[in-house]
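Participant:
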Amino acid sequence: GSVIGILGGGQLGRMLSVAASRLGYICHIYEPSAAAPAGHVAEKLYTAPYEDEAALRAFAGGVDVITYEFENVPTSALDLLESLKPIRPNRRALAISQDRITEKTFLNGLGLTTAPWAEVNSEADLRAAVEKIGLPAILKTTRLGYDGKGQARLNTPDDIAAAWVAMAGAPAVLEGFVAFEREVSIIGGRGADGSVAAYDPGENVHREGILRTTTVPAKLSPAQRSDAVLLAAKILNALEYIGVMGVELFVTRAGLVVNEIAPRVHNSGHWTQAGCTVDQFEQHIRAVAGLPLGDGGRYADVVMENLIGEDVEQVPAILKERAAQLHLYGKGAWRPGRKMGHVNRIVKG
Ligand code: ATP
Ligand code: MG
Ligand code: MG
8 GSVIGILGGG QLGRMLSVAA SRLGYICHIY EPSAAAPAGH VAEKLYTAPY EDEAALRAFA
68 GGVDVITYEF ENVPTSALDL LESLKPIRPN RRALAISQDR ITEKTFLNGL GLTTAPWAEV
128 NSEADLRAAV EKIGLPAILK TTRLGYDGKG QARLNTPDDI AAAWVAMAGA PAVLEGFVAF
188 EREVSIIGGR GADGSVAAYD PGENVHREGI LRTTTVPAKL SPAQRSDAVL LAAKILNALE
248 YIGVMGVELF VTRAGLVVNE IAPRVHNSGH WTQAGCTVDQ FEQHIRAVAG LPLGDGGRYA
308 DVVMENLIGE DVEQVPAILK ERAAQLHLYG KGAWRPGRKM GHVNRIVKG
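Structure, rendered in structure tokens:
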């Protein structure tokens with residue numbers, strides 16, 4: 008087939024569409040909100056809510072395969088779409104990563120280490136969880152959190168009541184705070200033929216819960232680097248996954264701890280646009296379209312910096328830099344915390 012449907016029209020959908028277009032594919036985007044960075048570059052944009060059955064049917068009717076750049080697509084919409092066209096990556100990968108508890112249960116079932124965790128559905132649960140896990144800890148809503156939203160940090164037992172109130176009644180999970188040496192992520196892909204390719208892990212720095220920079224290579228020992236690759240392959244194979252996945256990791260002296268997985272292209276993989284011949288967006292399109300994957304080889308040292316909010320005012324200066332590859336998402340006016348673009352700086356080629 009030659010038309011790829013993408014659920015979600017943000018910057019990830021935009022960059023997927025550009026990559027698809029370069030390979031001769033056409034993208035149709037389904038995006039409920041009117042502001043859709045991907046709408047500018049896709050062949051067709053469906054601006055309708057996920058509850059609009061007629062719009063979903065029209066979207067599915069026009070495409071050969073459906074993928075997504077956003078993991079919180081409602082189940083009802085997916086049920087309908089799945090009855091009409093193949094969804095890649097599959098529903099199981101999506102369902103597992105939509106909920107932090109199913110995700111951690113799945114990861115622990117594969118023998119992978121996560122932060123110690125406990126389910127929390129009341130203030131009494133939270134008290135019991137703090138007893139069990141200890142402090143410091145982080146309380147997170149099980150669903151719909153991103154960029155550190157829906158999280159509350161607990162340092163002392165006095166923080167319990169406020170942390171529970173911050174969840175606004177939503178189901179939550181308490182995670183023990185992992186005293187990590189560094190944070191890295193690994194972007195892996197699995198093709199329709201079952202072959203797996205991983206990119207070199209990148210080292211991530213967050214500020215206020217939002218990714219600021221990713222640097223490759225990450226400071227990792229050879230053993231840590233191969234552990235990251237093996238762990239990503241284990242997850243991809245267990246899910247019979249088709250597409251690209253981001254796996255966020257904490258590096259500790261006791262080994263790698265999985266923070267979370269994202270069943271899609273990932274912000275910490277944007278460096279591949281400047282560091283690799285086949286970047287994560289093309290890799291995902293290749294997988295979804297049933298083409299052979301790129302091998303993930305890296306040809307440069309890269310630092311990716313997100314342009315968040317007022318950071319876009321640096322654009323004129325960035326344009327004068329040598330070895331800086333600029334990406335802007337076409338979002339219009341900046342707002343605090345809004346991801347407006349990113350820059351990939353080649354540090355060594
Ligand atoms: P994303 O936008 O990556 O989906 P998110 O809202 O799902 O973000 P997390 O990845 O859970 O948030 O947490 C954001 C950041 O907070 C992490 O990258 C890490 O820096 C820190 N953090 C989260 N959980 C823990 C933990 N258990 N121990 C230590 N630090 C943590
Ligand atoms: Mg997350
Ligand atoms: Mg995260």
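To convert a position in the sequence shown, counted from 1, into UniProt numbering, add 7. Quick reminder that beta carbons are idealized off the backbone N, C-alpha and C, glycines included. These figures come from a predicted structure and were not determined experimentally.
Any heavy atom of ligand 2 closer than 7 Å to the beta-carbon of TYR153?
Facilitator: Mapped onto the sequence shown, residue 153 falls at position 146. Checking every heavy atom of ligand 2 against the Cβ of TYR153, one is found closer than 7 Å.
Participant: Please work out which residues of its chain come closer than 7 Å, Cβ to Cβ, to ASN79, disregarding the five sequence neighbours upstream and downstream, and give them in chain order.
Facilitator: The count along the sequence shown starts at 1 and reaches residue 79 at position 72. Here the set comprises GLN105, LEU151.
Participant: Using 8 Å for Cβ pairs, my map puts LEU117 next to ALA240. What's the rounded Cβ distance?
Facilitator: Counting from 1 along the sequence shown, the entry for residue 117 is found at position 110. Counting from 1 along the sequence shown, the entry for residue 240 is found at position 233. Contact flag wrong, Cβ pair sits at about 11 Å.
Participant: What span of residues does the beta strand (DSSP E) with ALA135 cover, start to end?
Facilitator: Here residue 135 corresponds to residue number 128 of the sequence shown, with the count starting at 1. Premise fails: ALA135 lies in the alpha helix (DSSP H), 130-140, not in any beta strand (DSSP E).
Participant: Could you give the distance in angstroms between the alpha-carbon of ALA205 and the alpha-carbon of ASP165?
Facilitator: Here residue 205 refers to the residue found at position 198 when the sequence shown is read from its first residue. Here residue 165 refers to the residue found at position 158 when the sequence shown is read from its first residue. Whole-angstrom Cα-Cα distance: 43 Å.
Participant: My output table needs one value for LEU238: the three-state DSSP class, helix, strand or coil.
Facilitator: Within the sequence shown, the letter at position 231 stands for residue 238. Helix at LEU238.
Participant: Alpha carbon to alpha carbon, how far is ALA43 from THR112? Give it in angstroms, no decimals.
Facilitator: By one-based count along the sequence shown, residue 112 stands at place 105. By one-based count along the sequence shown, residue 43 stands at place 36. Taking the straight line joining both Cα atoms gives about 34 Å.
Participant: Measure the CB-CB distance between GLN158 and LEU146 and report whether it falls below 8 Å.
Facilitator: The sequence position of residue 158 within the sequence shown is 151, counting from 1. The sequence position of residue 146 within the sequence shown is 139, counting from 1. Between GLN158 and LEU146, the C-beta gap is smaller than 8 Å, which places the two residues in contact.
Participant: For a test of the three-state rule: what should DSSP assign to GLY262, helix, strand or coil?
Facilitator: Taking the sequence shown and counting its residues from 1, one reaches residue 262 at position 255. If DSSP states are grouped into helix, strand and coil, GLY262 belongs with the strands.
Participant: Can you look up ILE108 in the DSSP assignment and give me helix, strand or coil?
Facilitator: Along the sequence shown, one-based indexing puts residue 108 at 101. In the structure shown, ILE108 falls within a helical segment according to DSSP collapsed to helix, strand and coil.
Participant: Would you say the segment 37-52 touches the segment 16-26, given that touching needs at least three Cβ pairs under 8 Å?
Facilitator: yes
Participant: Using CA atoms only, rank isn't needed, just tell me which of GLU182, GLY303, ALA324, GLY348 is closest to ALA125.
Facilitator: Within the sequence shown, numbered from 1, the residue matching residue 125 stands at position 118. Ranking GLU182, GLY303, ALA324, GLY348 by Cα distance to ALA125 puts GLU182 first.
Participant: With a cut-off of 8 Å, do at least 3 Cβ pairs link the segment 289-301 to the segment 121-137?
Facilitator: no
Participant: Nearest-angstrom Cα distance between GLY68 and LEU91?
Facilitator: As a first step, residue 68 must be located in the sequence shown, where it is residue number 61. As a first step, residue 91 must be located in the sequence shown, where it is residue number 84. When rounded, the distance between both Cα atoms is 8 Å.
Participant: Just how far apart, CA to CA, sit MET252 and GLU328?
Facilitator: Residue 252 sits at position 245 when you count from the first residue of the sequence shown. Residue 328 sits at position 321 when you count from the first residue of the sequence shown. Roughly 31 Å between the two C-alpha positions.
Participant: Going by alpha carbons, who is nearest to PRO93 out of GLY12, ASP302, LEU238?
Facilitator: On the sequence shown, residue 93 is found 86 positions in, with the first residue counted as 1. The shortest C-alpha separation from PRO93 is found at GLY12.
Participant: Go through its chain and collect everything with a Cβ distance to ALA135's Cβ below 8 Å, but skip five positions before and after it.
Facilitator: In the sequence shown, counting from the first residue as 1, residue 135 sits at position 128. The beta carbon of ALA135 is closer than 8 Å to those of ALA125 in its chain, skipping five residues each way along the sequence.
Participant: Could you please give the first and the last residue of the uninterrupted alpha helix (DSSP H) stretch that includes ILE325?
Facilitator: Your numbering for residue 325 matches position 318 in the sequence shown. Counting along the chain, the alpha helix (DSSP H) containing ILE325 begins and ends at 322-326.
Participant: Could you check the C-alpha separation between ALA100 and TYR248 for me, to the nearest Å?
Facilitator: Locating residue 100 in the sequence shown gives position 93, where the first residue counts as 1. Locating residue 248 in the sequence shown gives position 241, where the first residue counts as 1. Cα-Cα distance, rounded: 7 Å.
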